[in-house]
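A.B. asks: In terms of my numbering, the sequence shown opens at residue 2 and continues consecutively. For each residue, glycine too, the CB sits at the ideal point set by N, CA and C. Predicted model, so just to flag it, every value in this text is computed and none were measured.
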Amino acid sequence: MKEVIALRRRLKWTSTNIGELCAFISYAQAFPNGFLALIDTYDTLRSGIRNFLLVAYVLHQLGYAPIGVRLDSGDLAWLSLECRAAFENFAREHGVPSFSTLTIVASNDINENILVSLQDQGHSIDAFGIGTNLVTCQAQPALGMVYKLVEIDGKPRIKLSNDMSKITIPGRKNMYRLIGKKGVPLIDVMLKSDESPPEPGKKMLCCHPFDAGKRVYVTPAAVLPLIFCWRKGRETQQQQQQQQQQQQQREGKAKQGASALFLPPSPSLDELRNFTKDQLQMMRPDHLRAVNPTPYKIAVSATLHSFLHDLWAKEQPIAELE
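(1) Within the chosen definition, does the stretch 28-39 reach the stretch 302-320 through at least 3 CB pairs nearer than 8 Å?
(2) Drop a sphere of 10 angstroms on the beta-carbon of F32, count the other beta-carbons inside from all chains shown, and report buried for 16 or more, exposed for fewer.
(3) When you compare only the Cα positions, how much space is there between Q84 and F91?
(4) If you measure between the beta carbons of E21 and G64, is that distance less than 8 Å?
(5) When you compare each of R10, A66 and T104 to Q30 by their alpha carbons, which one comes out closest?
(6) Considering C230, what are the terminal residues of the beta strand (DSSP E) in which it resides?
(7) Note down the Cα distance separating C230 from S267, rounded to an integer number of angstroms.
(8) Using the three-state DSSP reduction, which class does C138 fall into: helix, strand or coil?
(9) Closest to R71 by CA distance: which of Q141, I105 and K183 is it?
(10) Rounded to the nearest angstrom, how far is the Cβ of P186 from that of M284, given a contact under 8 Å?
(11) What is the DSSP secondary structure of N175, reduced to helix, strand or coil?
(12) Rounded C-beta distance between P330 and I159? I'm assuming under 8 Å.
(13) Here's the rule I'm using: 16 or more other beta-carbon atoms within 10 Å means buried, otherwise exposed. How should T15 be labelled?
(14) Excluding the 5 residues preceding and the 5 following E89 in the sequence, name in chain order all residues of the same chain whose CB lies nearer than 6 Å to its CB.
(15) Using 8 Å for Cβ pairs, my map puts L55 next to L103. What's the rounded Cβ distance?
(16) Can you grab the Cα-Cα spacing for the pair M191 / P98, in whole Å?
(17) When we look at the beta-carbon of I319 and count the other beta-carbons within 10 Å, is it buried (16 or more) or exposed?
(18) Would L161 and Q317 qualify as a contact pair, given that the criterion is a beta-carbon distance under 8 Å?
(19) Can you tell me which of I131, E94, R47 and Q141 puts its alpha carbon nearest to the alpha carbon of A107?
(20) Where I299 and D189 are concerned, what is the direct C-alpha to C-alpha distance, given to the nearest angstrom?
(21) Looking at G75 and N18, is the spacing between their C-beta atoms short of 8 Å?
(22) Going by DSSP, name the residue or residues bridged to I180.
(23) Since L37 is in the beta strand (DSSP E), which residue starts that stretch and which ends it?
(24) Within its chain, find whatever has a CB closer than 7 Å to the CB of F53; leave out the 5 residues flanking it on each side and keep chain order.
(25) Between which two residues does the alpha helix (DSSP H) holding T104 run?
(26) Between which two residues does the beta strand (DSSP E) carrying A66 extend?
(27) Please work out which residues of its chain come closer than 8 Å, Cβ to Cβ, to R10, disregarding the five sequence neighbours upstream and downstream, and give them in chain order.
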C-alpha cells in the first residue's frame, strides 16, 4: 500500500480515484498472480489505467507478473489503443519491457457485428469476453440485468462510466408511480429513502437524472409505491420494527387514491401475476407496442438529482492539461 501511494505521488497521478486504487490494491493482494483489473468504473484513461499501472508496477517489483486490464464500456477500439500507448510509454519510461505487451480484454454485449466493426476501425484488443451473444438465441433474447452497489455501511456510492447508461444513482432509494387523473401512469420517480413520498393532488418536480434540461411538474391523482421490502438482512429486531413502521407510514400517505393498486402482505404468485397484469393494462397502448414504442418516463426528485450530481462531481477525476 505504501509503495503504491508513494509511486502515485512521484508520478503526480494524485487525481485518480482513491477508492478504485484501494480496490485494485486489495484485489492484487488477494490474487497477485491473476491481476487483471476492470478499469472503467470511474474514468478509463484519467483514473483506471493509471491506478492499474501503479499497482501492477509494485506487483512487478515484488516478483509477480500482472496480466492486464478489461474494458467494458465506451469506444472500445479507441480506448484499447490509448491503453496500449499508456502501457508502452510506462514500459519505456520505467524499464519494464513486459508491460508493453500486457493483455487488453474487451467486453460489453459483443457480437459478430461489433467484432467486424472493431476490426475495421483498428484496435489493440487481445481477447474478447463474450457471454450473452454466445449462449443466447437471438430469437429469444436475454434480459440483461446487473446488480450495482449503491451504499456501503450507510455511505452512498456511485459508479461512473464512459457510457451514461451505466452510471448509477447512489444511495438507498424509494420509487413511486405517479398516476394521472385518467388512471394512466404518467411517470415513475425515484426519491432518497429519507424523503417524504409524493402525495396525491400535490405538485412535485421530476427531473431527468442526467439531462438538466429535462424537467417536468407532475400533480398525481394517485401514487403507487414500487419498492416493497419483504425480508430484512442482519438488522436487529428493533431496527426491523422501526423500518417497518416507517415503510407503513410512507405507504399509508402514498396509498391515498390508489388503494386498489396495492399488493397485499406476502403476496402469492397469483396475486403477483394479477398485480403485474393490472399494471400493464393501465399503461398507454403506445408504451407497449412492439414497433417504435413511446419511451415511458423515469425521473428522480429534485433532492436526489442534486445529491447525485454533487457526489458525481466529488468522485469524477479532474482532467489535467499540460
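C.D. replies: Considering the structure as presented:
(1) No, because fewer than three Cβ pairs between the stretch 28-39 and the stretch 302-320 fall closer than 8 Å, the two stretches do not touch.
(2) A residue is called buried when at least 16 other Cβ atoms come within 10 angstroms of its Cβ; F32 does not meet this threshold and is exposed.
(3) The residue asked about is misnamed: residue 84 is Cys in this sequence, not Gln. Cα-Cα distance, rounded: 10 Å.
(4) In this structure, E21 lies away from G64, with their beta-carbon atoms at least 8 Å apart.
(5) When the alpha-carbon of Q30 is set against those of R10, A66 and T104, the nearest one is in A66.
(6) Taken as a continuous stretch (DSSP letters only), C230 belongs to no beta strand (DSSP E), as it is neither H nor E.
(7) Going by the C-alpha atoms only, they are around 10 Å apart.
(8) DSSP places C138 in the coil class of the three-state scheme, outside both helix and strand.
(9) Ranked by Cα distance from R71, the first of Q141, I105 and K183 is I105.
(10) With a contact defined as Cβ atoms closer than 8 Å, P186 and M284 qualify at about 6 Å.
(11) Three-state DSSP puts N175 in a strand.
(12) This structure gives no information on residue 330, because the portion of the chain shown stretches from 2 to 323.
(13) So T15 counts as exposed.
(14) Its chain contains S101 as the residues whose beta carbon lies nearer than 6 Å to that of E89, once the 5 sequence neighbours on both sides are disregarded; these appear in chain order.
(15) Contact doesn't hold; Cβ gap of about 14 Å is too wide.
(16) Those two C-alpha atoms are separated by around 50 Å.
(17) I319 should be labelled exposed.
(18) Cβ distance < 8 Å, so L161 and Q317 count as in contact.
(19) Out of I131, E94, R47 and Q141, I131 has the C-alpha closest to the C-alpha of A107.
(20) Their backbone Cα atoms lie some 5 Å apart in a straight line.
(21) The answer is no: Cβ separation not under 8 Å.
(22) DSSP output for I180 lists P186 and A223 as bridge partner(s).
(23) Taken as a continuous stretch (DSSP letters only), the beta strand (DSSP E) holding L37 covers L37 to L39.
(24) Only residues of its own chain outside the window of five on either side were considered, and among them F25, A38, I40 and V70 have a CB closer than 7 Å to the CB of F53, listed in chain order.
(25) Element bounds for T104: not the alpha helix (DSSP H) but the beta strand (DSSP E), T104 to A107.
(26) A66 -> no beta strand (DSSP E), and no H or E assigned at all.
(27) Exclusion of the five residues before and after R10 leaves no residue of its chain whose Cβ lies closer than 8 Å to its Cβ.
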